[in-house]
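Each position in the sequence shown, counted from 1, maps to that position plus 69 in this note's numbering. Down below is the structure, laid out as structure tokens.
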Amino acid sequence: MLSADFLHLEKDVEMVNTYADIFHLDIMDGTFVPNISYGFPVVEAIARKAVKPLDVHLMIVHPEKYVERFAKAGASYISFHYEAAGESSAAILEQIQSLGVKAGIVINPDCPVEKIFPLLPKVDFVLIMSVFAGFGGQKFIPESVDRVRAVKAELVRIGRPEVPIEIDGGIGPGNAAQVIAAGATMLVAGSSVFKAEDPVKAIAAMRG
Ligand code: ZN
70 MLSADFLHLE KDVEMVNTYA DIFHLDIMDG TFVPNISYGF PVVEAIARKA VKPLDVHLMI
130 VHPEKYVERF AKAGASYISF HYEAAGESSA AILEQIQSLG VKAGIVINPD CPVEKIFPLL
190 PKVDFVLIMS VFAGFGGQKF IPESVDRVRA VKAELVRIGR PEVPIEIDGG IGPGNAAQVI
250 AAGATMLVAG SSVFKAEDPV KAIAAMRG
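Given below as structure tokens:
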């Protein structure tokens, strides 16, 4: 939703309700990432109209301070960055799950995937960033495909092949097939949908 038209948000919410599967909400704090996006009033407004689940991606320091409030705002999925949480990651995953929300761990392109392997028995999903968190409209980093493949292989190895792998950053009809083949099952598309001449067609192309 970072690429949505905030003057006509309801129109974009209806489009997602009708044609997409999930609302992906990027929350930036100006500290963990250099950018600031939007906060609770926007998330709550979207929640009032959303019929598809809300997926909140926290790009913030101290995610544990805010997960309860995002759960109350209507999130069905909450993810936070391993780089922001470090040793507290396991406890925060449990905190999110105790709120009845699916819990995910996120890593930026420069974080070795092995860092999150100890958390894979606990997670409900994994989010692999295919650009550096912080801004919409960036170009897909091709090495991300191998990172998805490595996480998928580890999930298979530990007997949890069903855990969804989400990918976020520069995703569109041009690379959807490639990331799906590597094991991604949740594709976050911002600019490739909202900046497309025909957003519905862009979504259909990715489904294809
Ligand atoms: Zn995101």
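Note that beta-carbon positions come from the ideal geometry of N, C-alpha and C, so glycine has one too. Computed from a predicted model, the values in this text were never measured in an experiment.
Item                                                                                                    : Value
Y146 versus I197, R117, F92, A222, residue with shortest Cα-Cα distance                                 : F92
Inter-residue spacing [alpha-carbon to alpha-carbon] between I234 and I176                              : 12 Å
For D215, three-class secondary structure by DSSP                                                       : helix
Per DSSP, cross-strand counterpart(s) of H150                                                           : V175
Limits of the unbroken beta strand (DSSP E) element including F92                                       : 92 to 97
DSSP state of V130 mapped onto helix, strand, coil                                                      : coil
As assigned by DSSP and simplified to three states, the class of S199                                   : coil
The alpha helix (DSSP H) enclosing I249, as first and last residue numbers                              : 245 to 251
Option in F101, E152, R117, M97 with minimal Cα separation from V125                                    : M97
Buried versus exposed call for L256 [16 or more other C-beta atoms within 10 Å across all chains shown] : buried
Separation of G173 from Y107, as counted between CA atoms                                               : 20 Å
Pocket of ligand 2 (residues with CB nearer than 5 Å to any heavy atom), chain order                    : Absent from the structure shown: ligand 2. Ligands present: ligand 1.
For P230 and V130, the rounded distance between their alpha carbons                                     : 30 Å
Where the alpha helix (DSSP H) containing M275 begins and where it ends                                 : 268 to 276
N- and C-terminal bounds of the beta strand (DSSP E) containing D237                                    : 234 to 237
Cross-strand partners of D74 (DSSP beta bridge)                                                         : DSSP, once it has assigned bridges, lists no residue as partnering D74.
Residues sharing a beta bridge with D124, DSSP                                                          : H93, Y146
Range of the contiguous alpha helix (DSSP H) that encloses V257                                         : Run containing V257: none in the alpha helix (DSSP H); it sits in the beta strand (DSSP E), 255 to 257.
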